[in-house]
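A.B. asks: Let me begin by handing over the structure; questions about it come next.
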Amino acid sequence: MSGVTAPTWDEEVDVLVIGSGAAGMSAALGASVGGCRVLLVEKTDRIGGSTAVSGGAVWAPLNSQSAGAGHPDDFDKVWTYMRHTVGDAAPQDMQQAFLRAAGPVMDALAQHTQVRLVARTHSPDYYPDRPGAAMGGRSLDPLMFDGRTLGAHFKELRDPLPEFMVLGGMMVTMTDVKHLLAVTRSFTAWKEGVKLVLRYVGDRLRGYHRGTRLVLGNALAGRLFRSLLDRGIPYWLRAPLVSLHVEEGRVVGACIERDGRPTWVRAHRGVVVATGGFPWNAALRERLYPSPTGPWSMAPAGNAGDGITLAQAAGAAMGTGHFSPAFWAPVSILTRPDGTQVRYPHLVWDRAKPGLMAVNAAGRRFVNESTSYHEFVLAMYRSHADVPSLPAYLVCDSDFMERWGLGLALPGGRPRDHLVRAGYLAKADTLEALAAQIKVDPAALRSSAEAFDQAGVNGVDPEFGKGSTAYNRYLGDAEHQPNPCLGRLRQAPFYAVAVVAGDIGTACGIRCDANAQALSADGTPVPGLHVVGNDMHSVMGGQYPAPGITLGPALTFGWLAGQHLALTPSAESHP
């Protein structure tokens, strides 16, 4: 902090990066490729941050793969889409800076690192009916990564969410799950399922604590981690940031707690803060989130606003004008007998499938269930202003449960009684009895279910338009007609799960420029300080235009920050 006299520096580097998610690792790699000596420090005992537990999608419009994926794009088209989704919720210059840099940064990562991304051939933007939307090409996924190539470092990579694994440690994508659920009905599914299971069994027999076939965000984190190792970038685990050190208005280093004692690190060119936002900072949540809120984030618990708070102490200012302080997701919560909790994010698997209905405390529908997870929670808050909708309830029948499952309740006849006993899953032979369990009006729930069931017969949802957009149908069941998202709700027993307004990360943070330099209240850069990832004020302004709109900017501005620091004169050259 300013005014604190630093002792003799324990370590000296060109660039100090604080945080090991996609943004932090991208910054470290960008600086290293630029010729800098880099040190990366991580608060927790694992590398990967929120990235490692994410779905891994990267929104990078105008990337070099778009045309090859069947979706040629241009700046005017994607800028039109941004104007009709983000609008003025974030500064226009920052939005444009992201759009112009994202594609080249993805190419640079492919050239200089192990990061390998492939554009989706069909993946609609979240508002496909708005001008400028694309049906694919803009979102990319990390290729599968072999965790065995990390060697002994594999144990240092953050494990994915248990909900992204089966059999106690095997990672799966949506495609993998479909194969596994159809192994008795399709030879192709059987063959793919057997390959997955044999690989996993082999990993466990070789002593790995989980499967080494990494997909989704864990694959992206693994690829970035492998790239750090390839470049010989040192990193410290269990090394939280204590303070930033400022001399004559310039951030010149930081105090890091290491092995229980303060360690002073001199950063001759600058410091990059990438600590993952503030989803686990209760005070900031209460001040910036809508009410009610609670400890419902899917981000790692270490993301507690340290970087944002200390960046402010060093002279940086928070951004303003955002639409929403967080990127939302409906989350169901299982409380174990020991009091610990399991949080399940209802992102893309169950809500859009035919036969699932969402109701509020009045037992009435309030939302298109197959809308994006972010939009779903916004609808929860809007409805809550009139009728309690926090929690809301996801309702289905036995046919839906056996085919698709509901949150932690798995399909295909898996055991569920333990979830009923724990109070996570409500189950009843009639809708009226189900209503009593979840404490909603039984007549209203019956009426809502009957109308929803009729919509399933007709294939049209006149009330909320479930299945009416390309994005809705993309997540539905393509084999179910006439509407991939609408089905019957009539077969007892009936089930329900409560969902709260969870998040997958924060959207408001430190105001930055196009090089990810932190800005002061008067708009001038804070010398020596860059801020990236969810610590940076989102270029989406709390809107959620498409899959991957957190990781796309994280990788992009992380790399730009590292490259900018590589061109920055060292602190000693400043007067």
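All the letters of the sequence shown, read from the start, carry residue numbers 1 to 575 under my numbering. Glycine included, each C-beta is placed from N, C-alpha and C at the ideal position.
#1: Only counting runs of 3 or more residues, tell me where the beta strand (DSSP E) segments fall wholly within the region 281-349, in order along the chain.
#2: According to DSSP, is P411 part of a helix, a strand, or is it coil?
#3: In chain order, what residues of the same chain have a beta carbon less than 6 Å from the beta carbon of L442, not counting five sequence neighbours either side?
#4: Using a 10 Å radius around the Cβ and a threshold of 16 neighbouring Cβ atoms, would you call L205 buried or exposed?
#5: Using a Cβ-Cβ cut-off of 6 Å (strictly less than) and excluding sequence neighbours within five positions of T263, which residues of its own chain qualify?
#6: Give the DSSP-derived three-state secondary structure of S570 in the structure shown.
#7: Tell whether a beta-carbon distance below 8 Å holds between A361 and P388.
#8: Compare the C-alpha of T8 against each of A254, E42, D141, W280 and name the closest.
#9: Cα separation between G294 and H322?
#10: Who are the Cβ neighbours of H564 in its own chain at under 6 Å, not counting the five residues just before and after it?
#11: Please go through the same chain and pick out, in chain order, the residues whose beta-carbon is closer than 7 Å to the beta-carbon of D176, but skip the five residues on each side of it.
#12: Do L310 and L241 have their C-beta atoms within less than 8 Å of each other?
#13: Would you be able to state if there are at least three C-beta pairs under 8 Å between the region 130-143 and the region 54-73?
#14: Rounded to whole angstroms, what is the Cα-Cα separation between D350 and L181?
#15: State the Cα-Cα distance for the pair L489 and K427, rounded to the nearest angstrom.
#16: Spell out a yes or no on whether the region 397-412 and the region 354-374 are touching, meaning 3 or more CB-CB pairs, one atom from each, closer than 8 Å.
#17: Taking only runs of the alpha helix (DSSP H) that begin and end inside the region 87-139, which ones reach a length of at least 4 residues, in chain order?
#18: Which class does T8 belong to by DSSP, given the choice of helix, strand or coil?
#19: Helix, strand or coil for L62? Go by DSSP, reduced to three states.
#20: Which residues does DSSP pair with I438 in a beta bridge?
#21: Locate the alpha helix (DSSP H) running through Q82, then write down its first and last residues.
#22: Which residue or residues does DSSP assign as beta-bridge partners of G502?
#23: Is the beta carbon of P545 less than 8 Å from the beta carbon of Y81?
#24: On the three-state DSSP scale, how would you describe G39?
#25: Closest to M144 by C-alpha separation, out of E42, A221, G168, would be which residue?
#26: Counting along the chain, where does the alpha helix (DSSP H) carrying G202 start and finish?
#27: Could you check where the alpha helix (DSSP H) with S538 kicks off and where it finishes?
#28: Which one of A409, H384, G132 has the shortest CA to CA distance from L62?
#29: Going by DSSP, what residues sit across from C396 in a beta bridge?
#30: Within a Cβ cutoff of 7 Å, which residues of the same chain sit near R473, ignoring the five residues on either side of it in sequence?
#31: Near Q341, which residues of its chain fall below 7 Å by C-beta distance, leaving aside the five closest residues on each side in sequence?
#32: Can you give me the Cβ contacts of I438 inside the same chain, cut-off strictly under 8 Å, excluding the 5 residues immediately before and after it?
#33: What is the DSSP secondary structure of A27, reduced to helix, strand or coil?
#34: Let's see if you can read the secondary structure: which residues bound the beta strand (DSSP E) around M144?
#35: Tell me where the alpha helix (DSSP H) around A152 begins and ends.
#36: Given that a residue counts as buried once 16 or more other Cβ atoms are within 10 Å of its Cβ, and exposed if not, what is T212?
C.D. replies: On the basis of the coordinates in this document:
#1: 326-335, 341-345
#2: In the sequence shown, the residue the question calls residue 411 occupies position 411. Correct three-state label for P411: coil.
#3: Translated into positions along the sequence shown, residue 442 becomes position 442. Residue 442 is actually Pro in this sequence, not Leu. Same-chain partners within the cutoff: E432, A435.
#4: Position 205 of the sequence shown, counting from 1, holds the residue named residue 205. L205 comes out exposed.
#5: Residue numbering aside, residue 263 sits at position 263 when the sequence shown is read from its first letter. Same-chain partners within the cutoff: D10, I256.
#6: Taking the first residue of the sequence shown as 1, we reach residue 570 at position 570. In the structure shown, S570 sits in coil (DSSP, three-state: anything other than H, G, I, E or B).
#7: Within the sequence shown, the letter at position 361 stands for residue 361. Within the sequence shown, the letter at position 388 stands for residue 388. Yes, Cβ-Cβ distance for A361 and P388 is below 8 Å.
#8: Stepping through the sequence shown from its first residue, residue 8 is reached at position 8. Of the listed residues, the one whose Cα sits closest to T8 is A254.
#9: For this step, residue 294 is matched to residue 294 along the sequence shown. For this step, residue 322 is matched to residue 322 along the sequence shown. So the two alpha carbons sit approximately 21 Å from each other.
#10: Sequence index remark: in the sequence shown, residue 564 carries index 564 (1-based). Around H564: N515.
#11: Residue 176 sits at position 176 when you count from the first residue of the sequence shown. L196, listed in sequence order.
#12: Residue numbering aside, residue 310 sits at position 310 when the sequence shown is read from its first letter. Residue numbering aside, residue 241 sits at position 241 when the sequence shown is read from its first letter. Yes, Cβ-Cβ distance for L310 and L241 is below 8 Å.
#13: yes
#14: For the purposes of this step, residue 350 is identified with residue 350 of the sequence shown, where counting begins at 1. For the purposes of this step, residue 181 is identified with residue 181 of the sequence shown, where counting begins at 1. D350 and L181: Cα-Cα distance of roughly 14 Å.
#15: On the sequence shown, residue 489 is found 489 positions in, with the first residue counted as 1. On the sequence shown, residue 427 is found 427 positions in, with the first residue counted as 1. If you take the alpha carbons of L489 and K427, they lie about 14 Å apart.
#16: yes
#17: 92-112
#18: Looking up residue 8 in the sequence shown gives position 8. Three-state DSSP puts T8 in coil, outside helix and strand.
#19: Against the sequence shown, residue 62 aligns to sequence position 62. Coil, per DSSP.
#20: Looking up residue 438 in the sequence shown gives position 438. Answer is none; I438 lacks a bridge partner.
#21: Mapped onto the sequence shown, residue 82 falls at position 82. Strictly speaking, residue 82 in this sequence is Met, with Gln absent from that position. Per DSSP, M82 belongs to the alpha helix (DSSP H) from 75-85.
#22: In the sequence shown, counting from the first residue as 1, residue 502 sits at position 502. DSSP output for G502 lists A329 as bridge partner(s).
#23: For the purposes of this step, residue 545 is identified with residue 545 of the sequence shown, where counting begins at 1. For the purposes of this step, residue 81 is identified with residue 81 of the sequence shown, where counting begins at 1. Taking 8 Å as the Cβ cut-off, P545 and Y81 qualify as a contacting pair.
#24: The residue given as residue 39 occupies position 39 in the sequence shown. For the sequence presented, residue 39 should be read as Leu rather than Gly. It is a strand residue.
#25: As a first step, residue 144 must be located in the sequence shown, where it is residue number 144. Of the candidates E42, A221, G168, the one whose C-alpha sits nearest the C-alpha of M144 is A221.
#26: Start at 1 with the first residue of the sequence shown, and residue 202 comes out as number 202. Taken as a continuous stretch (DSSP letters only), the alpha helix (DSSP H) holding G202 covers 187-205.
#27: Your numbering for residue 538 matches position 538 in the sequence shown. Counting along the chain, S538 falls outside any alpha helix (DSSP H), and DSSP gives it neither H nor E.
#28: Within the sequence shown, numbered from 1, the residue matching residue 62 stands at position 62. Per the Cα distances, G132.
#29: Position 396 of the sequence shown, counting from 1, holds the residue named residue 396. Looking at the DSSP assignment, C396 forms a beta bridge with Y495.
#30: Taking the first residue of the sequence shown as position 1, residue 473 is located at position 473. Counting only Cβ-Cβ distances below 7 Å, and skipping sequence neighbours, we find G467, P484, C485.
#31: Indexing the sequence shown from 1 puts residue 341 at position 341. Excluding residues within five positions, the ones whose Cβ falls inside 7 Å are I333, L334, T335.
#32: To locate residue 438, count along the sequence shown from 1; it is residue 438. Only Y393, A426, A496, A498 meet the Cβ criterion.
#33: Looking up residue 27 in the sequence shown gives position 27. Helix, per DSSP.
#34: Indexing the sequence shown from 1 puts residue 144 at position 144. Here M144 belongs to no beta strand (DSSP E), and DSSP marks it neither H nor E.
#35: Sequence index remark: in the sequence shown, residue 152 carries index 152 (1-based). A152 -> no alpha helix (DSSP H), and no H or E assigned at all.
#36: The residue given as residue 212 occupies position 212 in the sequence shown. Buried, by the Cβ-count rule.
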